[in-house]
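For reference, the structure is listed below as C-alpha cells.
Numbering (the working numbering), first residue to last: 1 to 209.
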C-alpha cells in the first residue's frame with residue numbers, strides 16, 4: 001500500500017513538473033514572438049490568399065513586401081486575368097498599376113492596408129490593442145509546434161470579426177493567417193511561403209513611375 005501511495009505521489013509530481021515545463025516553454029515562445037514582431041523592420045513573402053463568400057471562393061497568389069513604418073507593396077501572381085497587377089501604399093497614398101494598361105490609378109490620403117489585415121504588422125498592431133485575445137499551442141503529428149494568436153478585429157464587422165495567426169515555434173515564421181466572421185467561420189485564409197523577416201528592401205520598390 002505504501003509503495004502504491006509513493007508511486008502515485010511520484011506520478012503526480014512528474015505531471016506537475018511536465019505542466020510547469022510546458023507553461024514555461026509556451027511563455028518563452030510568446031516572449032520571443034513578441035520581440036521578433038514588435039520591432040519588425042521589413043519582410044517579404046509569397047502569400048496564397050483564399051477569400052470565401054456565401055457563393056464563391058477565390059484564390060489569389062501574391063508577393064508581399066513591407067518596409068517600416070508604413071510602406072507596402074503587393075504584386076499579383078495569379079489568377080492569370082490580373083497577373084502583374086501591382087498595388088503600392090506609401091506616404092498615405094495608394095497607387096495601382098497594371099503592365100498591360102498605360103498609366104496608373106492613385107488615391108490620396110487613403111489607408112486600405114489597415115482594413116485588409118493580411119499583412120503581418122497590421123495583425124500584430126491589432127492583436128496588442130485588442131481587449132479579446134488568446135494564445136494556444138498545438139502539436140502536429142510531424143512533431144511541429146505552433147503558437148496560435150487570436151484577437152478580435154476592431155469595428156465589429158460581421159464578416160471580419162476576428163483573426164488568428166499561426167507561428168512556427170522553431171523558426172518563429174508565420175505559417176497561416178485566418179480571418180473569421182461573427183460565427184467563427186473562416187472568410188479569408190492566408191498561407192505564407194518563402195518568408196524573410198528584416199531583410200534589406202530598397203525604397204525604390206515602393207515608387208511607381
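For each residue, glycine too, the CB sits at the ideal point set by N, CA and C.
Taking residue i as part of the beta strand (DSSP E), name the residues at either end of that continuous run.
| i | result |
| --- | --- |
| residue 126 | Run containing residue 126: none in the beta strand (DSSP E); it sits in the alpha helix (DSSP H), 120 to 129. |
| residue 199 | No beta strand (DSSP E) holds residue 199; DSSP gives it neither H nor E. |
| residue 75 | 71 to 78 |
| residue 170 | Unbroken run through residue 170: none, as it is neither H nor E. |
| residue 117 | Segment: none, residue 117 is in no beta strand (DSSP E) and carries neither H nor E. |
| residue 178 | 174 to 180 |
| residue 41 | That residue, residue 41, is in no beta strand (DSSP E); it is neither H nor E in DSSP. |
On the DSSP bridge assignment, give the partners of residue i in chain order.
| i | result |
| --- | --- |
| residue 206 | According to DSSP, which records beta bridges pairwise, residue 206 is partnered with nothing at all. |
| residue 91 | In DSSP, residue 91 forms no bridge with anything. |
| residue 192 | 47 |
| residue 85 | Residue 85 pairs with nothing; no bridge assigned. |
| residue 149 | 135 and 165 |
| residue 186 | 180 |
| residue 59 | 50 |
| residue 101 | 98 |
| residue 159 | In the DSSP output, where bridge partners are listed per residue, residue 159 has none listed. |
| residue 66 | 43 and 72 |
Among the options, which has the Cα closest to the Cα of residue i?
| i | options | result |
| --- | --- | --- |
| residue 177 | 143, 93 and 122 | 122 |
| residue 119 | 192, 99, 169 and 156 | 192 |
| residue 135 | 63, 207 and 169 | 169 |
| residue 194 | 77, 174 and 207 | 174 |
| residue 94 | 72, 101, 81 and 76 | 72 |
| residue 163 | 140, 172 and 130 | 130 |
| residue 183 | 208, 160 and 205 | 160 |
| residue 38 | 166, 155, 124 and 91 | 124 |
| residue 221 | 207, 78 and 167 | What the structure shows of the chain is the stretch from 1 to 209, and residue 221 is not part of that stretch, so it cannot be assessed. |
| residue 28 | 91, 89, 147 and 205 | 147 |
| residue 186 | 92, 207 and 158 | 158 |
| residue 64 | 143, 204 and 42 | 42 |
Quick one: measure Cβ to Cβ for residue i and residue j, integer angstroms, because I've assumed they're closer than 8 Å.
| i | j | result |
| --- | --- | --- |
| residue 196 | residue 44 | 5 Å |
| residue 145 | residue 133 | Wrong, their Cβ atoms sit about 20 Å apart, outside the cutoff. |
| residue 74 | residue 87 | 5 Å |
| residue 198 | residue 40 | 7 Å |
| residue 97 | residue 188 | Contact doesn't hold; Cβ gap of about 24 Å is too wide. |
| residue 172 | residue 36 | 5 Å |
| residue 47 | residue 190 | 5 Å |
| residue 151 | residue 127 | 4 Å |
| residue 117 | residue 76 | That belief does not hold up - the Cβ atoms of residue 117 and residue 76 are roughly 18 Å apart, past 8 Å. |
| residue 49 | residue 66 | No, residue 49 and residue 66 are not in contact; Cβ-Cβ is about 15 Å, not under 8 Å. |
Verify the CB distance criterion: does residue i have a CB-CB separation below 8 Å to chain C?
| i | result |
| --- | --- |
| residue 54 | Structure shown: chain C not included; a single protein chain is present. |
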